[in-house]
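Student: One structure coming up, written as structure tokens, with questions to follow.
Numbering (our numbering), first residue to last: 127 to 627.
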């Protein structure tokens, strides 16, 4: 499933009538060539759609209106091939509701030293045409992405492709529906938040449902569907003997399958792409959904435990950003530490709900006691995660604004096997080190729940925060606590003042 195939970026070129029809025809031809080449490159996950050259305020405003109304258009690529007086862009940019990337490039890579004349100079004016356009974006205080470089360079194309993935995630949020089965875990602060403010800021809607609504869907599942799904489980995973048809816990596996089918049918019927559960609200369910959550996340659903709808929405956004990539996205929690002279580490896990998309090996299908929740032993997938660089991101509600916190980590092998740990897990070294990273995270108010990814970059999350017009903080190898405290104070002042701009 790659939903990015349904999305488009519109390639928008600015010019003016001053140069004459012949030059405008060349501008259009060059823009069409760039569009065709971008569509042919490996880095763009969406279609790039050429749009006629814009030379008047009316044509700009008309294109913006069409872009706003298009569900397939996730944003604009803007480029000023020639000089394009920026006053004529004001009306259109004021009404633009889609993100845009300002591609500061030129059609030809280099200067034709022996042939260059004023005709060439009049046509190839991006060097100052884009600066005029850049000024009006800054004057209007518009959030936008700026990419500088030759449009055929792979590094430029990759940066454009990465931004396109972020724009797709933002578009997805404009229509996202999050289902909350039960309420938040009682007395927990960070998983709470203002759902009205979130819908105003981000676009997605959060709806609450009694667990009985889910139970009704689960109880309606047919036995034949359960048998088919159980057969799939036994084929895809290494199952404990107790869970196989002849095993004494096989009935629990069938119940896990019933929960998965019922949950999927509920989500599909309501058009939900993200959801939450809580172990404190399971009335009518025999076991906490573990396997169901893991598998639904692997299909692209966002998830947050204990009613954490902000993390569920963020997991979904990062799932969209990474569609077609290999290493996975998961709901995650900083669970316990390993303090060691060889490097302090974090063991990330949760009670059950770690997405199998990040598994390094074939997951083991197991049933074991949970020791929390007061329900029957739940079925779950157990595995060690992929190794390598990753990010953990937390979206929090500070009351007056939202903040996105991003922490860079390196996932490493466990020092020893973990034969008695009954959950999926990842072990990582925070950057620059645990003492600094955890200190900064706590100062920033980061949650214990995160969205965890090997495929989404810190730059993409920063771009996402820019689209959402929210604060973002990065914790990485360059983090200095003294400077980080200052950044927090500066941000506090800026976002307080920005509300009056």
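Think of the CB as a built atom: it goes at the ideal place given N, C-alpha and C, for glycine as much as any other residue.
Looking at residue 281: is its Cβ nearer than 8 Å to the Cβ of residue 275?
Tutor: Yes, Cβ-Cβ distance for residue 281 and residue 275 is below 8 Å.
Student: Once you ignore the five residues that flank residue 156 on each side, which residues in its own chain have a CB closer than 7 Å to its CB?
Tutor: Counting only Cβ-Cβ distances below 7 Å, and skipping sequence neighbours, we find 207, 233.
Student: Alpha carbon to alpha carbon, what distance is there between residue 461 and residue 140?
Tutor: Each residue's alpha carbon lies about 52 Å from the other.
Student: Along the chain, which unbroken stretches of the beta strand (DSSP E) at least 3 residues long are found entirely within the stretch 264 to 340?
Tutor: If we require 3 residues or more, the beta strand (DSSP E) runs fully inside the stretch 264 to 340 come out as 271 to 274, 303 to 307, 331 to 335.
Student: When the Cα of residue 595 is compared with those of 608, 574, 581, 617, which residue comes out closest?
Tutor: Comparing Cα positions, the closest option is 617.
Student: Give the single residue among 466, 531, 230, 502 whose Cα lies nearest to the Cα of residue 416.
Tutor: Ranking the options by Cα distance to residue 416, first place goes to 502.
Student: Rounded to a whole number of angstroms, what is the C-alpha to C-alpha distance between residue 186 and residue 193?
Tutor: Each residue's Cα considered, the two are about 11 Å apart.
Student: Using CA atoms only, rank isn't needed, just tell me which of 508, 504, 468 is closest to residue 483.
Tutor: Considering only alpha carbons, the answer is 508.
Student: Under 8 Å between the Cβ atoms of residue 597 and residue 580?
Tutor: No, Cβ-Cβ distance for residue 597 and residue 580 is not below 8 Å.
Student: Going along the chain, which residues of its own chain have a beta-carbon closer than 7 Å to the beta-carbon of residue 448, five neighbours each way excluded?
Tutor: For residue 448, where only same-chain residues beyond five positions count, the Cβ hits under 7 Å are 455, 579, 581, 582.
Student: Okay, do the stretch 212 to 229 and the stretch 162 to 179 touch, 3+ Cβ pairs below 8 Å being the bar?
Tutor: No, they do not touch.
Student: To which residues does DSSP link residue 554 through a beta bridge?
Tutor: Answer is 472, 537.
Student: Quick one: what does DSSP say residue 632 is sitting in, helix, strand or coil?
Tutor: In this structure the chain extends from 127 to 627, so residue 632 is not present and cannot be described.
Student: Might you give, ordered along the chain, the residues of its own chain that have their beta carbon closer than 7 Å to the beta carbon of residue 145, omitting 5 neighbours on each side?
Tutor: Answer for residue 145: 208, 248, listed in chain order.
Student: Below 8 Å, how does it come out for the stretch 379 to 387 and the stretch 288 to 307: are there three or more Cβ pairs, yes or no?
Tutor: Not touching, per the Cβ criterion.
Student: For residue 129, collect the residues of the same chain with a Cβ closer than 8 Å to its Cβ; drop the 5 residues on either side in sequence, then sort them by chain order.
Tutor: These residues qualify, in order along the chain: 294, 298, 426, 446, 449.
Student: At what residue ranges does the stretch 482 to 509 contain a whole run of the beta strand (DSSP E), taking only runs of 3 or more?
Tutor: If we require 3 residues or more, the beta strand (DSSP E) runs fully inside the stretch 482 to 509 come out as 490 to 493, 505 to 508.
Student: Going by C-alpha to C-alpha distance, which of 220, 132, 272, 612 sits closest to residue 586?
Tutor: Comparing Cα-Cα distances from residue 586 to each of 220, 132, 272, 612, the minimum goes to 272.
Student: Work out the CA separation of residue 259 and residue 543 for me, nearest whole Å.
Tutor: Rounded to whole angstroms, residue 543 to residue 259 spans 57 Å at the Cα level.
Student: Which complete beta strand (DSSP E) runs does the stretch 415 to 485 hold, if anything under 3 residues is left out?
Tutor: You should have 428 to 430, 455 to 464, 471 to 475.
Student: What runs of the alpha helix (DSSP H), each 4 residues or longer, lie entirely inside the stretch 199 to 268?
Tutor: As far as the stretch 199 to 268 is concerned, its whole alpha helix (DSSP H) runs of at least 4 residues are 216 to 221, 244 to 249, 252 to 265.
Student: For the candidate residues 523, 610, 609, 603, whose alpha-carbon lies nearest to that of residue 318?
Tutor: Taking only the C-alpha atoms, the option nearest residue 318 is 523.
Student: With a threshold of 7 Å on Cβ separation, who are the neighbours of residue 314 within its own chain once the five nearest residues in sequence on each side are excluded?
Tutor: Closer than 7 Å at Cβ, skipping near neighbours: 432.
Student: On a CA-only basis, which of 436, 331, 159 is nearest residue 137? Give me that one, please.
Tutor: Among 436, 331, 159, the Cα nearest to that of residue 137 belongs to 159.
Student: Between residue 97 and residue 490, is the Cβ-Cβ spacing less than 8 Å?
Tutor: Residue numbering for the chain in the displayed model covers 127 to 627; residue 97 lies beyond these limits and cannot be assessed.
Student: Cutting at 8 Å between CB atoms, please list the residues of its own chain near residue 165, excluding the five before and the five after it.
Tutor: Once the five neighbours on either side are set aside, the close Cβ partners of residue 165 are 173, 174.
Student: Using the C-alpha atoms, what's the distance from residue 168 back to residue 533?
Tutor: Distance between the alpha carbons of residue 533 and residue 168 is about 28 Å.
Student: Looking at C-alpha atoms only, which residue of 600, 310, 195 is the closest neighbour of residue 569?
Tutor: Comparing Cα positions, the closest option is 600.
Student: Would the beta-carbon of residue 303 fall within 8 Å of that of residue 399?
Tutor: Cβ distance < 8 Å, so residue 303 and residue 399 count as in contact.
Student: With a CB to CB cut of under 7 Å and the five nearest residues on each side skipped, what residues in its chain are close to residue 434?
Tutor: Within the same chain, residue 434 has close Cβ partners 317, 402, 575.
Student: Going by C-alpha to C-alpha distance, which of 602, 493, 527 sits closest to residue 518?
Tutor: Checking every option, the nearest Cα to that of residue 518 belongs to 602.
Student: Would the beta-carbon of residue 623 fall within 8 Å of that of residue 565?
Tutor: Cβ atoms of residue 623 and residue 565: not closer than 8 Å.
Student: Let me know if residue 197 comes out buried or exposed under the rule of 16 or more other beta-carbons within 10 Å of its beta-carbon.
Tutor: Looking at its Cβ environment, which holds fewer than 16 other Cβ atoms inside 10 Å, residue 197 is exposed.
Student: Is the beta carbon of residue 200 less than 8 Å from the beta carbon of residue 133?
Tutor: Yes, these two residues count as a Cβ contact at 8 Å.
Student: For the candidate residues 350, 349, 379, whose alpha-carbon lies nearest to that of residue 360?
Tutor: If we check each option's Cα against that of residue 360, 379 comes out closest.
Student: Return the chain-ordered list of same chain residues with a C-beta closer than 8 Å to the C-beta of residue 393, the five sequence neighbours on each side being excluded.
Tutor: 305, 399, 401, 422, 427.
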